[in-house]
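There are 2 protein chains.
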Amino acid sequence: MAQQKKMVEAITSRDVDFAKWYTDIVKKAELVDYSGIKGCMIIRPYGYAIWENIQKDLDARFKKTGHENIYMPMFIPESLLQKEKDHVEGFAPEVAWVTYGGNEKLAERLCVRPTSETLFCEHYAKIINSYRDLPKLYNQWCSVVRWEKTTRPFLRTSEFLWQEGHTMHETAEEAKEETMRMLQVYTDFYKETLAIPAVTGEKTEKERFAGAKATYTIEPMMHNGVALQGGTSHYFGDGFAKAFDITFTGRDNKIHNPYQTSWGVSTRMIGAIIMVHSDDDGLVLPPKISPIQVAVIPVAQHKPGVLDKANELADKLSENYRVKLDDSDNSPGWKFSQYEMKGVPIRIELGPKDIENNQCVIVRRDTREKLFVSIDNIEKAVADALQSVHNGMYEKALKNMQEKTFVANTHEEFLDIAKNKPGFIKAMWCGETACEEKLKDETNGVKSRCIPFNEEHLSDTCVCCGKPAKHMVYWGRQY
Amino acid sequence: MAQQKKMVEAITSRDVDFAKWYTDIVKKAELVDYSGIKGCMIIRPYGYAIWENIQKDLDARFKKTGHENIYMPMFIPESLLQKEKDHVEGFAPEVAWVTYGGNEKLAERLCVRPTSETLFCEHYAKIINSYRDLPKLYNQWCSVVRWEKTTRPFLRTSEFLWQEGHTMHETAEEAKEETMRMLQVYTDFYKETLAIPAVTGEKTEKERFAGAKATYTIEPMMHNGVALQGGTSHYFGDGFAKAFDITFTGRDNKIHNPYQTSWGVSTRMIGAIIMVHSDDDGLVLPPKISPIQVAVIPVAQHKPGVLDKANELADKLSENYRVKLDDSDNSPGWKFSQYEMKGVPIRIELGPKDIENNQCVIVRRDTREKLFVSIDNIEKAVADALQSVHNGMYEKALKNMQEKTFVANTHEEFLDIAKNKPGFIKAMWCGETACEEKLKDETNGVKSRCIPFNEEHLSDTCVCCGKPAKHMVYWGRQY
Chain A
1 MAQQKKMVEA ITSRDVDFAK WYTDIVKKAE LVDYSGIKGC MIIRPYGYAI
51 WENIQKDLDA RFKKTGHENI YMPMFIPESL LQKEKDHVEG FAPEVAWVTY
101 GGNEKLAERL CVRPTSETLF CEHYAKIINS YRDLPKLYNQ WCSVVRWEKT
151 TRPFLRTSEF LWQEGHTMHE TAEEAKEETM RMLQVYTDFY KETLAIPAVT
201 GEKTEKERFA GAKATYTIEP MMHNGVALQG GTSHYFGDGF AKAFDITFTG
251 RDNKIHNPYQ TSWGVSTRMI GAIIMVHSDD DGLVLPPKIS PIQVAVIPVA
301 QHKPGVLDKA NELADKLSEN YRVKLDDSDN SPGWKFSQYE MKGVPIRIEL
351 GPKDIENNQC VIVRRDTREK LFVSIDNIEK AVADALQSVH NGMYEKALKN
401 MQEKTFVANT HEEFLDIAKN KPGFIKAMWC GETACEEKLK DETNGVKSRC
451 IPFNEEHLSD TCVCCGKPAK HMVYWGRQY
Chain B
480 MAQQKKMVEA ITSRDVDFAK WYTDIVKKAE LVDYSGIKGC MIIRPYGYAI
530 WENIQKDLDA RFKKTGHENI YMPMFIPESL LQKEKDHVEG FAPEVAWVTY
580 GGNEKLAERL CVRPTSETLF CEHYAKIINS YRDLPKLYNQ WCSVVRWEKT
630 TRPFLRTSEF LWQEGHTMHE TAEEAKEETM RMLQVYTDFY KETLAIPAVT
680 GEKTEKERFA GAKATYTIEP MMHNGVALQG GTSHYFGDGF AKAFDITFTG
730 RDNKIHNPYQ TSWGVSTRMI GAIIMVHSDD DGLVLPPKIS PIQVAVIPVA
780 QHKPGVLDKA NELADKLSEN YRVKLDDSDN SPGWKFSQYE MKGVPIRIEL
830 GPKDIENNQC VIVRRDTREK LFVSIDNIEK AVADALQSVH NGMYEKALKN
880 MQEKTFVANT HEEFLDIAKN KPGFIKAMWC GETACEEKLK DETNGVKSRC
930 IPFNEEHLSD TCVCCGKPAK HMVYWGRQY
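Same order as they appear, the protein sequences are chains A and B. Just so we're aligned, residue 1 is where the first sequence starts under my numbering, counting upward by one. Just so we're aligned, residue 480 is where the second sequence starts under my numbering, counting upward by one.
Structural data, given as structure tokens:
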């Protein structure tokens, strides 16, 4: 077995070098390849199949909540990007500029969309006239570009794939409800589909999206104690609507500006899946989005009847699951390692002895637990095993998040935890940006993650300045 | 009824002004909106839903034939685009160039992909080492940019959505088979899903894709006698492989270059759907890709029991079809016109009299034929009606193509047909590019469409120069 293992190239241990472990996994599990363009990645078939499963699940959730998909141009004229002051300040420094079309210099530069608020607003100004046209609940699946200096596959790339929802509403209240509804859709998706728990709440003013009145976030905790901004939902008020002159005739027959939201998640979620769930043998994928849910590995496949039975089993399971029967010439041990590296949630081993006993062996990827089950009950056993893998992965990730969540009641405690204990720090805050900046400087990078919806009252004073506290904040380092 | 009709804005008659009729339809049926960027369109929810249905159907066909999806960067460094001489000559004049990332001028210009052969080749050079790594059967769904001077929604836009398959094979024979297999997938899709017949065959050397050894095409005929290049499949030989140094160790233990194909179809197909099937009342959509397959319109919906029964009917049909029950305050006549404009294949009318008789009325969009059917048999009746609509649309389009296909045996006949009878011209050709150019000039735009797979022997000599003929060619004007 040890010898077989070597046939699948070893990866760096997670505890030895987390960053190296991460890049080893994305390469060895064949999720991405680097391209010749700085910071742009090639998403390989196995990585893209994960993204397709994510899209399918999320898209159904968006449609169920009344959203329609559309497609906007990938370019934004410079003058359009500049229409909302805060927005352009936030994005202009990191966009890619198209200056030539064919051999001709363009009269106006076009940026490759870093996000599409401005394009949606220009369109909304044309199609919204009456309260009867509201709400508009649009979403777009596309790629966006933000010129990043330091990049890492999935986590931070110059081009990435995402969805961006952009909605318009008759009242501020409805828009705020939408903002919260979509944050909840993300939270449910993380839990039910990715098996990832997270803290959710509102970003501080400093961390808000460029141009937003309020930004809500979902923040899962990675295995190494570093947080990840896993998705955001923004409430814009009517700021963009005013800047873009979007108006409608209300029920009162007067002219109003509509209220706006946007929300998005990206291929970055694949980074979260890796860093929350995976281990030293490779990927561990949540069953719901794993390209292969069940790997069937025949043992002693040259013996009569083994391949027939394996095929029969695989065919039966294929009716309800994504199944791969591997009858290649590689040894069973090599195959075990291979599908472990690929994060396949369960494998089924089936050899002559098993067939004799009308049984097979189910092995869970997350715990390595072996179950001997009757072939007659295989469908129920597989369903149960996949559910157990999902639940087990979620519980393990929750335990990790809880163990890596600390309370700081004093400035000293905050600095000590920041230095010695990677994870979330719960601490009180006065509401001033100056304190956020000071804490970030003192800790070399610990930032406010969010003000959670259910704040605890830890103490009366700000952990930084000692003035009266306004909020409890989750703090932490981030990817 | 005439009065009701006016409530849905009228469109230009197809026979009066085909181009205006086309743009009226794309706007009135809410398929697209124009954006502020020249030649870039906004695909609105109804248009995008058609594209989603097209994608779903085609993607299943690609996966069934063994292809995997991947995602490549949207940028191509100038030096990479230049690696294959013919390819860069074909595309460089029409690409958009990114010259700045944020505030910094880039050391090397990046073009926004007009097609991704070069990116795939760079990746293949890294991942193909042995014959065991072949074939590679990859596909990508993405948007591409070609800086067009004259644009028209769906037909020719500076940015458009498409899929591009890129495959690598051990032998020339296998690659050629793949090229033909994918052309057949397109042909089946056009017939079975879009209800569109077409001529298929090989492009002449002049019309070949930049860098290809052979280009195959599917050419449907629009209602007005103008052809459309509806999809292409290219055989590259090992030209790109040599330019990009892609090699593998063969079964003979020697180093070889693999053989390559690429193939693609785009949102242009939505233009074909409009121009082949639609009429003066708006869109006529093939049932397989229509966002709404059945519109249920209650008549006298304020009368007791009508809405209940309509809901019951809609719910039952929703199990297998995309159904829209319209219980808005608009009049039934307005609704009829509305769903005709949107091209919904069948509508079901249901009023108090119908309910009394346990029946409803099915109205076909393509023929306006009315069928009175028992509510008890509604599911079978809807299934049959949708199939009849599909078949009827295909037959009508086939008849149009046949009626608009002419034979030219002499140069004079060719010029006469080109001037007076819009459609395909079948005529013999010597094989020389000079004759293609001459005919194009003389006719102000009639070009070779393809050499069909089953050539007819119409005569012994080229319709242009009178020298011995090598091929029968389909000629025609194109979008």
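Just so it is clear, CB atoms sit at the ideal spot from N, CA and C, and this is done for glycine as well.
For the stretch 421-454 of chain A, the continuous alpha helix (DSSP H) assignments of 4+ residues that do not extend past its boundaries occur at 433-443, in sequence order.
The continuous beta strand (DSSP E) containing F372/A extends over residues 370-374. CA-CA distance, Y800/B to C621/B, rounds to 28 Å. Counting along the chain, the unbroken alpha helix (DSSP H) around D188/A starts and ends at 172-192.
The continuous alpha helix (DSSP H) containing F336/A extends over residues 332-341. Listed by position along chain A, the residues whose Cβ is nearer than 7 Å to that of K605/B are D33. The count of Cβ pairs closer than 8 Å, one atom from the stretch 292-299 of chain A and one from the stretch 325-340 of chain A, reaches three, so the stretches are in contact.
Buried is the label assigned to D503/B, since at least 16 other Cβ atoms lie within 10 Å of its Cβ. Judged by DSSP in its simplified three-state form, G784/B adopts coil rather than helix or strand. Along the stretch 523-545 of chain B, going in chain order, the ones with a CB nearer than 7 Å to a CB of chain A are R523, P524, Y527, E531. As computed with DSSP, G237/A is found in a beta bridge with Q260/A. For the pair N257/A and D279/A, the Cα-to-Cα distance works out to about 51 Å.
Cβ-Cβ distances below 8 Å link T594/B to F570, V623, E643, S741, G743 in the same chain, with the five nearest sequence neighbours on each side left out; the list follows chain order. Using a CB distance cut-off of 7 Å, I346/A does not count as an interface residue toward chain B.
Per DSSP, the unbroken beta strand (DSSP E) holding L804/B starts and ends at 802-804.
Identification of residues in the stretch 76-104 of chain A having a C-beta nearer than 9 Å to some C-beta of chain B yields I76, P77, S79, L80, A92, P93, E94, V95, A96, W97, V98, T99, Y100, G101, G102, N103, E104, given in sequence order.
Rounded to the nearest angstrom, the gap between the Cα atoms of N129/A and K136/A is 12 Å. For Q140/A, the number of other beta carbons within 10 angstroms of its own is at least 16, and it is reported as buried. Only buried fits D760/B, as 16 or more other CB atoms lie within 10 angstroms of its CB.
By DSSP's assignment, I516/B forms no beta bridge with any residue.
The beta-carbon of P737/B is placed no less than 7 Å from the nearest beta-carbon of chain A. The bridge partners DSSP lists for L161/A are S143/A. A direct Cα-Cα distance of roughly 39 Å separates K542/B from E828/B. Judged by DSSP in its simplified three-state form, E117/A adopts helix. Relative to L228/A, the option among I274/A, A29/A, P286/A, V284/A whose CA is nearest is I274/A. Under the Cβ distance rule, I70/A counts among the residues neighbouring chain B, one pair being separated by less than 7 Å. Taking a beta-carbon distance threshold of 7 Å, S622/B counts as an interface residue toward chain A.
Y46/A is not a Cβ neighbour of I549/B, given a cutoff of 7 Å. DSSP places L80/A in the uninterrupted alpha helix (DSSP H) bounded by 78-81. Among the CB atoms of chain B, one or more fall inside 7 Å of the CB of C40/A. Think of a sphere of 7 Å around the beta carbon of M74/A: the chain B residues whose beta carbon falls inside it are S622, E638, in chain order. Residues of chain B whose Cβ lies closer than 8 Å to the Cβ of E122/A are, in chain order, S514, G515. In this structure, the beta-carbon distance from E596/B to R928/B does not fall below 7 Å. Rounded to the nearest angstrom, the gap between the Cα atoms of K926/B and E653/B is 31 Å. 7 Å or more divides the Cβ of T694/B from the Cβ of T679/B. Bridge pairing for D279/A: G282/A [DSSP].
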